[in-house]
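The structure appears right after this line, and notes come after that.
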Amino acid sequence: MINFEKNIQSIEFKDNENEFVESLPESNLEDLSSKTELEINNSATLLINKNSELLEEPEAKNFLEVKKLVELNEEINKLQNEAIDSISWIKNIKRFNLDKSTKESFYDIEIQGSEEFREKIKNSLSYLSLSPEKLDFSKKYIKRIQEWSHSGMNMFKDKPTFEIGDIWKESDEVYLASGIAHDAYHSYLCAGSEDSNGNISLGAYVGKEAEKKCLAFQIDTLESIKKTDHMKNYQNEIDNDINGLKELMIDPTYQDIPYEERNW
Amino acid sequence: MNENQQRIKEIEYTQINFLNKLNVLKNEKNRLTKDINKKLDLIKIDKILNDINK
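In order, the protein sequence lines correspond to chains A and B. This note's numbering puts the first residue of the first sequence at 239, with every later residue one more than the last. This note's numbering puts the first residue of the second sequence at 12, with every later residue one more than the last.
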């Protein structure tokens, strides 16, 4: 049985990613994921079974604390399942080839991807800077923008990462700027959904209601950009984008399409 | 950082996240267990006192 307390003490997260990677044991991905899954299952089972005799104690069956103990065990089980699902997802999902990408920083946001991608994102962030308030908000909630196989906000990386699939190639830079604000809002909703235990409630930042809020924020971003003098020759294009988003906002369903089947 | 390293890093990060959250739940469980044991002790003492007074 693996002692999770010992593991908590032995893990020291280093912000410098190179140091972190070098400190990893030399194991391949398959070995590491199996070992980690085993450790997660053992640690969770150990904690669930700890003091389980109290649940059978007749004198204690009406104690409020016993009811809370049962709920706590369910919470541990949920945490265990989420961690196992996350590892399976990390191991199996198709990825953008990071070996070919480079990163740089712009407006304090790390941009990682091909040169063409980085240029387009930098231009988009410049458009976003026409609305300083929206840029500041996006900088606060997105720490990395990464060229990827699909698009979406990934809150399970070392820093909040907006992953963008091939859609960036055909997207207008102003629209892309509003898309950055849209996903920053997802990150904001996620940050606000943590309970006192640090658990994130997925329902708070994904799903139809969350999409409506993010679309509203995206529309507001486009309205702010549209008002500036720089954009006076592009009013019709921006209005078209805004109208499209307003239609989408009535009943968004795109979020229900499975990640692997998305073409954006 | 190549793709494999990225995946390894994410698995490590998932594990750290899990262990940190589990640690919080462990503390909560210890607190509840302590409270339950305290209440059970009180019941035992009450019983002993009742037996003596009979």
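A virtual CB, placed ideally from N, CA and C, is assigned to each residue, including glycine.
Going by beta carbon distance, what residues of the same chain come within less than 8 angstroms of E353 of chain A, once the five residues before and after it are set aside?
T340
Please identify the residue among A:I331, A:I418, A:G482, A:G403 whose C-alpha is closest to the C-alpha of S364 of chain A.
A:I418
Please confirm whether L33 of chain B has its beta-carbon closer than 9 angstroms to some beta-carbon of chain A.
yes
So, helix, strand or coil for K341 of chain A, using DSSP?
strand
With 9 angstroms set as the bound, which would you pick, yes or no: does the beta-carbon of I383 of chain A sit closer than that to a beta-carbon of chain B?
no
State the start and end residues of the unbroken beta strand (DSSP E) segment that holds F400 of chain A.
399-402
Less than 9 angstroms between CB atoms is the rule here; does D62 of chain B satisfy it with respect to chain A?
no
Name the two residues that bound the continuous beta strand (DSSP E) containing R382 of chain A.
382-385
According to DSSP, simplified to helix, strand and coil, what is N392 of chain A?
strand
For Y426 of chain A, which residues in the same chain have their Cβ closer than 7 angstroms to its Cβ, ignoring the five residues on either side in sequence?
Y379
Considering only the beta carbon of each residue, do N315 of chain A and T44 of chain B sit closer than 9 angstroms?
no
Whole angstroms is fine: what's the gap from K50 of chain B's alpha carbon to N34 of chain B's?
25 angstroms
In the DSSP assignment, what residue or residues form a beta bridge with I349 of chain A?
A:E342, A:I383
Taking all protein chains shown into account, do 16 or more other C-beta atoms lie within 10 angstroms of the C-beta of R18 of chain B, making it buried, or fewer, making it exposed?
buried
Would you please verify whether the beta carbon of I325 of chain A is less than 9 angstroms from any beta carbon of chain B?
yes
Are Y472 of chain A and V412 of chain A close, meaning C-beta to C-beta below 9 angstroms?
yes
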